[in-house]
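Position 240, counted from 1, in the sequence shown is what our numbering calls 242; the numbers after and before it change by one each time, with no gaps. Just so it is clear, CB atoms sit at the ideal spot from N, CA and C, and this is done for glycine as well.
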Amino acid sequence: MSDPRRLLITGANGTLGHATARYFLERDPACLVFLGVRQRQEQAAALVAEFPGRAFLCPLEVTQAESWTAALAQVEAQGGGPLSVLINNAGYHDDALLAHMTMPQWAGVLEANLSAVFLGCQAALQPMMRQRWGRIVNIASLSALHSPAGQTNYAAAKAGVLGLTQSLAKETARLGITVNAVCPGHIEGALPAGWTDEQIKAVRRETPMRRFAKPEEIAAVVFFLASPEASYMTGASLKLDGALV
């Protein structure tokens with residue numbers, strides 16, 4: 003691919019989304035990064051100010067197909083060409099034991115973490131197929147591989163992302179489009195809000211590397227998966243957890 007890569011990163015105001023956007027902007031001077039945001043946008047707006055003409059706020063409600071259509075139209079209009087890299091990073095968890103989990107808790111987490119990835123991939127395929135080139139990176143979670151108690155909704159959604167990734171990779175393998183997933187463990191700056199200091203220390207001790215991931219370490223893997231050099235890697239799910247599992 004010779005022209006500048008045009009990236010769309012969902013959840014771009016969060017810890018990992020922000021770090022990933024910055025990683026691309028600092029290491030690929032030609033790329034254009036569209037920062038998918040819904041309501042909170044302070045960190046994303048700061049990147050736009052720091053990288054004028056290369057970073058753009060992109061209003062996006064990831065659970066609505068029409069919002070994806072509008073976002074991709076913005077990429078084409080402002081970026082001078084179609085989307086070439088999609089990073090599905092948005093999502094959230096709403097934990098509860100299954101016996102007490104409400105239907106809104108179940109459905110909301112499945113919609114935001116799995117259905118949103120389906121909608122994003124479906125929207126991105128059209129411009130990528132026209133170019134015969136594309137990179138889709140889905141941010142899953144270690145919970146998809148090592149599911150803790152109290153996360154039946156989140157673990158099911160993220161495991162679904164891995165299945166979607168593997169199946170879609172087979173569908174697009176001949177089209178120059180790769181589809182991969184990463185499964186981060188705990189990330190500094192993105193730990194559960196309710197954790198106490200003692201819980202944080204206990205989980206850190208359980209991790210063989212004795213620390214949590216820096217968001218830039220996850221971003222580095224995403225950067226590679228989105229690169230031309232990753233052309234033969236597709237359908238992969240990469241575990242990034244400091245040997246926790």
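In three-state DSSP terms, what is residue 123? For this step, residue 123 is matched to residue 121 along the sequence shown. Residue state, collapsed to three classes: helix.
Quick check on residue 90: does DSSP put it in helix, strand or coil? Start at 1 with the first residue of the sequence shown, and residue 90 comes out as number 88. In the three-state scheme derived from DSSP, where H, G and I count as helix and E and B as strand, residue 90 is classed as strand.
Could you check whether residue 214 and residue 207 sit closer than 8 Å to each other, using their CB atoms as the reference points? In the sequence shown, counting from the first residue as 1, residue 207 sits at position 205. In the sequence shown, counting from the first residue as 1, residue 214 sits at position 212. With respect to the 8 Å criterion, residue 207 and residue 214 are not classified as neighbours on the basis of their beta carbons.
So is residue 233 buried or exposed if we call it buried at 16+ other beta carbons inside 10 Å? Indexing the sequence shown from 1 puts residue 233 at position 231. Exposed is the label assigned to residue 233, since fewer than 16 other Cβ atoms lie within 10 Å of its Cβ.
To the nearest angstrom, how far is it from the Cα of residue 99 to the Cα of residue 23? As a working mapping, residue 99 is identified with position 97 in the sequence shown. As a working mapping, residue 23 is identified with position 21 in the sequence shown. Using only the alpha carbons, I get a separation of about 34 Å.
Does the Cβ of residue 125 lie closer than 7 Å to at least one heavy atom of the ligand FMN? The ligand FMN is absent from the structure shown, which contains no ligand whatsoever.
Return helix, strand or coil for residue 41, following the three-state DSSP convention. Numbered from 1 along the sequence shown, position 39 holds the residue referred to as residue 41. Collapsing the DSSP output to three states places residue 41 in coil.
If we ignore side chains and look at the alpha-carbon of each, how far apart do residue 186 and residue 6 end up? For the purposes of this step, residue 186 is identified with residue 184 of the sequence shown, where counting begins at 1. For the purposes of this step, residue 6 is identified with residue 4 of the sequence shown, where counting begins at 1. For residue 186 and residue 6, the distance between alpha carbons rounds to 28 Å.
Given a cut-off of 8 Å on the beta-carbon distance, is the pair residue 70 and residue 125 in contact? The count along the sequence shown starts at 1 and reaches residue 70 at position 68. The count along the sequence shown starts at 1 and reaches residue 125 at position 123. A contact, by the Cβ cut-off of 8 Å.
Beta strand (DSSP E) containing residue 64: first to last residue? Translated into the one-based positions of the sequence shown, residue 64 becomes position 62. Counting along the chain, residue 64 sits inside no beta strand (DSSP E), nor does DSSP assign it H or E at all.
Could you spell out where the beta strand (DSSP E) holding residue 140 opens and where it closes? Looking up residue 140 in the sequence shown gives position 138. Unbroken beta strand (DSSP E) run through residue 140: 136–141.
CB-CB length for residue 31 against residue 85, believed under 8 Å: For the purposes of this step, residue 31 is taken as residue 29 along the sequence shown, with counting starting at 1. For the purposes of this step, residue 85 is taken as residue 83 along the sequence shown, with counting starting at 1. Taking C-beta atoms under 8 Å as the contact rule, residue 31 and residue 85 fail to qualify, at a distance of about 19 Å.
Determine the direct distance from the alpha carbon of residue 192 to that of residue 201, and round the result to whole angstroms. Here residue 201 is taken as the residue at index 199 of the sequence shown, counted from 1. Here residue 192 is taken as the residue at index 190 of the sequence shown, counted from 1. Their Cα atoms are separated by approximately 14 Å.
Report the three-state DSSP secondary structure of residue 278 (helix, strand or coil). Examination of residue 278 is not possible in this model, given that the chain is present from 3 through 247 alone.
Check residue 182 in the structure and name its three-state DSSP category. Position 180 of the sequence shown, counted from the first residue, corresponds to residue 182. In the structure shown, residue 182 falls within a strand segment according to DSSP collapsed to helix, strand and coil.
Please identify the residue among 33, 194, 171 and 148 whose C-alpha is closest to the C-alpha of residue 245. In the sequence shown, residue 245 corresponds to position 243, counting from 1. The alpha carbon of residue 245 has as its nearest neighbour, out of 33, 194, 171 and 148, the alpha carbon of 148.
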